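Student: Got a structure for you, questions after.
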Amino acid sequence: MSGDKILIKDNRSAFRDYYFHGHLFPINQVDNLLELAKLLGCQVDALPTKYLGLPLGGKNKELEVWNVVLERCEKKLARWKSQYLSLGGRVTLIKSVLDGLPTYMMSLFPISKNIEKKINRLRRSFLWQGNKEKRGYNLVKWDTLTLSRNQGGLGLKNLSLQNSCLLQKWLWRFCTEDRALWRRFIAGKYGLLNQWTTEEVMGTFGCSVWKTIRRIWPHFRNNICISVGDGMKTQFWNEIWIGEDSLRNLFPHLYTLSLQNNDTVAQVWSQNGWNLLFRRAFNDWEIEEVAMLLGVLNNFPGTSESSDKPVWKIHNKGVYTVKSCYWKMNHNVSRTERCPGNCFGR
């Protein structure tokens, strides 16, 4: 349509009802908007709006977008209720509110520091109110309360960490849902850095939602390894697929000499062994490093007919879960996690 764009929102799932319940949302100037609306039998509407309970077309960090969540939290954590609950009961109610109300929004939108402070203020005030009519004193630092019980806290969720874990699920889905329409759209718009993520979204270009999600990739990448199948998706040097780090980081000098910096495992491997190409012959002092590289590669059993897939190192089944991600971030585990089982996946 010569660059004209519209969004169509349907309130019914059945196709036969589509023309009677659809809404058209113009983006910029659409000259034939009324004709299109009449043709489709839709109503003309304007952004921002809501779709499936989530804001569409608005700035997700604005207070107006989160007002509904704040109002629901205030209603659930009404101060008068604290008079009839013990401290343990108040903790239980706070956990249930956090798990139910802000989570849906945080599963797609980044929560701003301002909104996080407002929600934390409601939770903190409710927790320490007790049976008094006036505000109680904060007896323990809030950051301590968000630690697990094993760490001396009450297990209350850290909103920013929970938000990050929920957003990282989209990175996992991007890695695993190759044929999904949304994945193809994102990949087409921003371009692929590799088979597991897009190029970094820079400047003012792009959607703020995906821009925020993409920023978490470096942290997410450190917690996955690749189970090599046919080797078509996995870059030989740049990804963690054998050992506890990428070959690029383990052997940086050999990486600079390689002629295959971006080649996949399938391109470097053959049934006769590894076909490694370098810019020049090795010096005597480099032979030892080459031997170490070959020693690492000697553990590789070979490719198979299955596709390469990511493995979430923190979960014993290798599958991403928000719970395991939150545990990792909240406990701030410093040691390197190993891949569960055989990371080659033959």
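Heads up: the sequence shown at position 280 corresponds to 280 in this note's numbering, and the numbers run straight through without jumps.
Note that the Cβ used here is the ideal one computed from N, Cα and C, for glycine as well.
For clarity, every value in this text was computed on a predicted model and none was experimentally measured.
Does the beta-carbon distance from Gln-159 to Ile-94 come in below 8 Å?
Tutor: Within the sequence shown, numbered from 1, the residue matching residue 159 stands at position 159. Within the sequence shown, numbered from 1, the residue matching residue 94 stands at position 94. Gln is not the amino acid found at residue 159; the sequence shown has Leu there. Not closer than 8 Å, so no.
Student: Which residues in the same chain have their Cβ closer than 8 Å to the Cβ of Ser-246, if we skip the five residues on either side of it in sequence?
Tutor: Along the sequence shown, read from residue 1 onward, the residue named residue 246 stands at position 246. If we look at Ser-246 and ignore the five residues flanking it on each side, its Cβ neighbours are Trp-237, Asn-238, Glu-239, Ile-240.
Student: I want to know whether the segment 100-107 touches the segment 162-175 - three or more CB-CB distances under 8 Å.
Tutor: At 8 Å Cβ cutoff, the stretches touch.
Student: Quick one: grab the DSSP three-state call for Ile-224.
Tutor: Indexing the sequence shown from 1 puts residue 224 at position 224. Three-state DSSP puts Ile-224 in a strand.
Student: Note down, in chain order, each residue of its chain lying with its Cβ closer than 7 Å to the Cβ of Val-268, except the 5 sequence neighbours on either side.
Tutor: Residue numbering aside, residue 268 sits at position 268 when the sequence shown is read from its first letter. Counting only Cβ-Cβ distances below 7 Å, and skipping sequence neighbours, we find Phe-236, Gln-260, Trp-274, Asn-275, Leu-276.
Student: Is the distance from the Cβ of Leu-39 to the Cβ of Leu-24 below 8 Å?
Tutor: Against the sequence shown, residue 39 aligns to sequence position 39. Against the sequence shown, residue 24 aligns to sequence position 24. No, the Cβ-Cβ distance between Leu-39 and Leu-24 is not below 8 Å.
Student: Just to check my reading of the structure: Val-69 and Pro-102 have Cβ atoms closer than 8 Å, yes? What is that Cβ distance to the nearest angstrom?
Tutor: The residue you call residue 69 lines up with position 69 of the sequence shown. The residue you call residue 102 lines up with position 102 of the sequence shown. About 5 Å; that satisfies the 8 Å criterion.
Student: To the nearest angstrom, how far is it from the Cα of Gln-43 to the Cα of Glu-200?
Tutor: In the sequence shown, residue 43 corresponds to position 43, counting from 1. In the sequence shown, residue 200 corresponds to position 200, counting from 1. Distance between the alpha carbons of Gln-43 and Glu-200 is about 38 Å.
Student: Going by CA-CA distance only, name the one from Phe-278, Arg-179, Gly-88, Glu-288 that's closest to Phe-126.
Tutor: The residue you call residue 126 lines up with position 126 of the sequence shown. With distances taken between Cα atoms, Phe-126 lies closest to Gly-88.
Student: Within this structure, are the beta carbons of Lys-233 and Gln-271 separated by less than 8 Å?
Tutor: Here residue 233 corresponds to residue number 233 of the sequence shown, with the count starting at 1. Here residue 271 corresponds to residue number 271 of the sequence shown, with the count starting at 1. The answer is no: Cβ separation not under 8 Å.
Student: Can you tell me whether Phe-220 is buried or exposed, with buried defined as 16 or more other CB within 10 angstroms of its CB?
Tutor: Against the sequence shown, residue 220 aligns to sequence position 220. Classification of Phe-220: buried, given that the 10 Å Cβ count is 16 or more.
Student: Quick one: grab the DSSP three-state call for Ser-270.
Tutor: As a working note, residue 270 is residue 270 in the sequence shown. DSSP places Ser-270 in strand when its eight states are reduced to three.
Student: Suppose you measure from the CA of Ser-188 to the CA of Thr-321; what does that come to, to the nearest Å?
Tutor: Stepping through the sequence shown from its first residue, residue 188 is reached at position 188. Stepping through the sequence shown from its first residue, residue 321 is reached at position 321. Per the sequence shown, residue 188 should be read as Gly rather than Ser. Looking at the two C-alpha atoms, the distance is approximately 27 Å.
Student: How about Leu-122 and Cys-73: are their beta carbons less than 8 Å apart?
Tutor: If you number the sequence shown from 1, residue 122 lands on position 122. If you number the sequence shown from 1, residue 73 lands on position 73. Against a cut-off of 8 Å, the Cβ pair of Cys-73 and Leu-122 comes out as a contact.
Student: I'd like the ranges of any alpha helix (DSSP H) spanning at least 4 consecutive residues and lying wholly in the segment 107-183.
Tutor: Listed in chain order, the complete alpha helix (DSSP H) runs (minimum 4 residues) inside the segment 107-183 are 113-129, 142-145, 159-176.
Student: Tell me, which residues are paired with Pro-252 by DSSP?
Tutor: As a position in the sequence shown, residue 252 is number 252, starting the count at 1. Partner(s): none; Pro-252 has no beta bridge.
Student: What would DSSP say about Pro-102, mapped onto helix, strand or coil?
Tutor: Within the sequence shown, the letter at position 102 stands for residue 102. Helix, per DSSP.
Student: Expressed to the nearest angstrom, what Euclidean distance is found between the alpha-carbon atoms of Met-329 and Ser-148?
Tutor: In the sequence shown, counting from the first residue as 1, residue 329 sits at position 329. In the sequence shown, counting from the first residue as 1, residue 148 sits at position 148. Cα to Cα, Met-329 sits roughly 12 Å from Ser-148.
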